[in-house]
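J.:
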Amino acid sequence: MPAVDIAIDVGGTKTLVSAFDEKEVEPYSSEEFPTRPAEGIDSFFERLSNICLRMKGSRNINRWGLCTAGAVSPEKGKLIWSPNLGWKDVELFKRASSFLGTEGVIENDCNAAAFGEWEFRKDIESLIYVTVSTGIGMGMVVRGKILRGASNAAGEIGHTIVKADGPLCTCGRRGCLQAISGGRGLEIRAHDSLGIEIGTKEITDRAELNEPVFKEMITEASETLGRFLCNLIDSLDPAVLVIGGSLGKNRYYFDRILKTIEENYYRVPGKKVKIELSSIEPNPNILGILSLSRKTHKD
Numbered sequence: 012m013p014a015v016d017i018a019i020d021v022g023g024t025k026t027l028v029s030a031f032d033e034k035e036v037e038p039y040s041s042e043e044f045p046t047r048p049a050e051g052i053d054s055f056f057e058r059l060s061n062i063c064l065r066m067k068g069s070r071n072i073n074r075w076g077l078c079t080a081g082a083v084s085p086e087k088g089k090l091i092w093s094p095n096l097g098w099k100d101v102e103l104f105k106r107a108s109s110f111l112g113t114e115g116v117i118e119n120d121c122n123a124a125a126f127g128e129w130e131f132r133k134d135i136e137s138l139i140y141v142t143v144s145t146g147i148g149m150g151m152v153v154r155g156k157i158l159r160g161a162s163n164a165a166g167e168i169g170h171t172i173v174k175a176d177g178p179l180c181t182c183g184r185r186g187c188l189q190a191i192s193g194g195r196g197l198e199i200r201a202h203d204s205l206g207i208e209i210g211t212k213e214i215t216d217r218a219e220l221n222e223p224v225f226k227e228m229i230t231e232a233s234e235t236l237g238r239f240l241c242n243l244i245d246s247l248d249p250a251v252l253v254i255g256g257s258l259g260k261n262r263y264y265f266d267r268i269l270k271t272i273e274e275n276y277y278r279v280p281g282k283k284v285k286i287e288l289s290s291i292e293p294n295p296n297i298l299g300i301l302s303l304s305r306k307t308h309k310d
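Structure below.
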C-alpha cells in the first residue's frame with residue numbers, strides 16, 4: 012500500500028489537515044477542526060494526532076509538513092511566538108514527529124503560502140503573499156527562496172503600527188495593522204463600540220448593505236490595508252502580489268483594497284502592478300507546506 016503525505020495548517024481559529032497520495036497535489040482527504048489555542052498545547056496536539064492517524068488509516072506516513080502563524084524557526088522546528096495563538100516557545104517538530112515520524116518540516120504559514128503560490132505560477136522571479144483572515148501576515152519568495160529574516164520574523168506585517176494610539180492588538184501594542192484591518196480586530200472593535208458579538212462575515216455583509224457603522228469600519232479597514240500594500244509594492248517591487256485568507260478573499264473587502272492600491276501606488280514608467288486573489292485549493296498554505304516537505308525530504 013502506498014505511503015501518504017500529510018500537510019497541516021494551524022490557524023488562529025481553525026486547523027486544516029490534508030492527506031495526499033505520493034506525488035499528487037490534490038488531497039484525497041481533508042478535515043478541519045477548531046484550533047482552540049486557549050485550551051493549551053497538549054489538548055491541541057492530542058486532537059491533531061487523532062485526526063492525522065485516522066486519516067492515514069493503515070498507510071505509512073512518507074513525509075509531513077506543518078505551518079502556523081507567528082515567528083517560526085524551521086531549523087529548530089520551533090514556534091518562537093504567535094500572538095494570535097498566544098503560544099510561545101513551542102517545540103512543534105518534536106511534538107508532531109511523535110506521531111508523524113521524523114520526515115517533516117515546520118514553517119510560518121505565510122511563508123508556506125508564498126512558496127505554494129510561487130510554485131503554482133512558475134517563471135515568476137518574486138512574489139509576495141498577504142493573508143487577511145483572523146490576523147494579517149506576509150510571505151515573500153525571491154527566485155525560489157523564502158525570505159525569513161535574521162530572527163525568522165520577516166513578514167509580520169500585521170504587527171506593524173499604522174495608527175498611533177489605535178485599537179489594542181493581540182501583541183500588546185496599539186494601532187497595529189491587523190487590529191484595524193484583520194478579522195479579529197474588526198470583531199473586537201464591533202464588540203467594544205456596539206456591545207455585540209458578531210463575526211467578520213456578518214460585518215462585511217452588513218457593510219455591503221450600507222449600514223453606516225459597519226460600512227465605516229470596513230472603509231477604514233480596507234483603505235488602511237490598501238495604503239499599506241501600496242508601500243509594500245513601492246518598497247519591494249514584486250512581480251506579483253497575491254491576497255488570500257477568508258477576509259482578503261471576500262469580494263466586497265478585496266474590491267475596496269484594490270481600489271485604494273490603484274489610486275495610490277507609485278507610478279514609475281513601465282511599472283506593472285499585478286495583484287491577484289489566491290485561487291489554490293484547499294489553500295496555498297497546505298500546498299506550500301506540502302511542496303516544502305517534499306523538497307526537503309526527497310525519495
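Quick note on this note's numbering: the sequence shown kicks off at 12 and runs consecutively. We treat Cβ as the ideally placed atom computed from N, Cα and C, and that holds for glycine.
Compute the distance between the beta-carbons of ILE157 and PHE126, then report whether it is under 8 Å.
T.: Yes, Cβ-Cβ distance for ILE157 and PHE126 is below 8 Å.
J.: Which same chain residues, not among the five before or five after TYR264, have their C-beta less than 8 Å away from its C-beta?
T.: Closer than 8 Å at Cβ, skipping near neighbours: VAL143, THR215, ILE229, ALA232, SER233, LEU258.
J.: Would you kindly report the start and end of the unbroken beta strand (DSSP E) that includes SER289?
T.: Segment: none, SER289 is in no beta strand (DSSP E) and carries neither H nor E.
J.: Is it buried or exposed for GLU37, if we count other Cβ within 10 angstroms and need 16 for buried?
T.: Looking at its Cβ environment, which holds fewer than 16 other Cβ atoms inside 10 Å, GLU37 is exposed.
J.: Check whether the region 42-51 touches the region 90-108, taking contact to mean three or more Cβ pairs, one atom from each stretch, closer than 8 Å.
T.: Touching, yes, given that three or more Cβ pairs across the two stretches are closer than 8 Å.
J.: Tell me, which residues are paired with TRP92 by DSSP?
T.: For TRP92, which the question treats as bridged, DSSP gives the partners ALA82, LYS99.
J.: At which residue ranges does the region 223-255 contain complete beta strand (DSSP E) runs of 3 or more residues, listed in the order of the chain?
T.: 251-255, all fully within the region 223-255.
J.: Bridge partners of GLU118, per DSSP?
T.: According to DSSP, which records beta bridges pairwise, GLU118 is partnered with CYS78.
J.: Run through DSSP, which three-state label would GLU57 get?
T.: Helix at GLU57.
J.: Just the C-alpha distance for PHE187 and ASP120, rounded to the nearest angstrom, thanks.
T.: First, the residue type needs correcting, since residue 187 is Cys and not Phe in the sequence shown. Cα to Cα, CYS187 sits roughly 19 Å from ASP120.
J.: Compare the beta carbon distance of GLY237 and ALA124 with 8 Å and say whether it is the shorter of the two.
T.: Result no, Cβ atoms of GLY237 and ALA124 do not sit closer than 8 Å.
J.: Cβ atoms of ASN71 and ALA14: under 8 Å apart, would you say?
T.: Cβ atoms of ALA14 and ASN71: closer than 8 Å.
J.: Report yes if the C-beta distance between GLY150 and GLY166 is below 8 Å; otherwise report no.
T.: In contact: GLY150 and GLY166 (Cβ atoms closer than 8 Å).
J.: Going by CA-CA distance only, name the one from THR307, GLY193, GLU227, SER246 that's closest to HIS170.
T.: For the residues THR307, GLY193, GLU227, SER246, the minimum Cα distance to HIS170 belongs to GLY193.
J.: In terms of alpha-carbon separation, which member of ASP248, GLU287, ARG262, ARG267 lies closest to GLY10?
T.: Residue 10 cannot be examined here, being either before or after the span of the chain that is shown, 12 to 310.
J.: Going by C-alpha distance, which of ASP16, SER204, ILE286, SER289 is nearest ARG74?
T.: Cα-wise, what sits closest to ARG74 is ASP16.
J.: By Cβ distance, which residues of its chain are closer than 8 Å to ILE52, with the 5 residues on each side in sequence left out?
T.: The residues are TRP98, VAL101, ARG106.
J.: Nearest by alpha-carbon distance to VAL279: which of ILE244, LEU269, GLU292, GLY256 is it?
T.: Selected option, being the one with the closest Cα: ILE244.
J.: Return helix, strand or coil for LYS174, following the three-state DSSP convention.
T.: Looking at LYS174 - three-state DSSP - the assignment turns out to be coil, as it is neither helix nor strand.
J.: Taking the beta strand (DSSP E) that LEU27 falls in, what are its first and last residues?
T.: Element bounds for LEU27: 25-32.
J.: Beta-carbon separation of LEU288 and LYS270 under 8 Å?
T.: Taking 8 Å as the Cβ cut-off, LEU288 and LYS270 do not qualify as a contacting pair.
J.: If you check the beta carbons only, do ALA18 and ILE291 fall under 8 Å apart?
T.: Not in contact: ALA18 and ILE291 (Cβ atoms no closer than 8 Å).
J.: Note down, in chain order, each residue of its chain lying with its Cβ closer than 7 Å to the Cβ of ALA190, except the 5 sequence neighbours on either side.
T.: Answer for ALA190: GLY177, PRO178, LEU179, CYS180, GLY196, listed in chain order.
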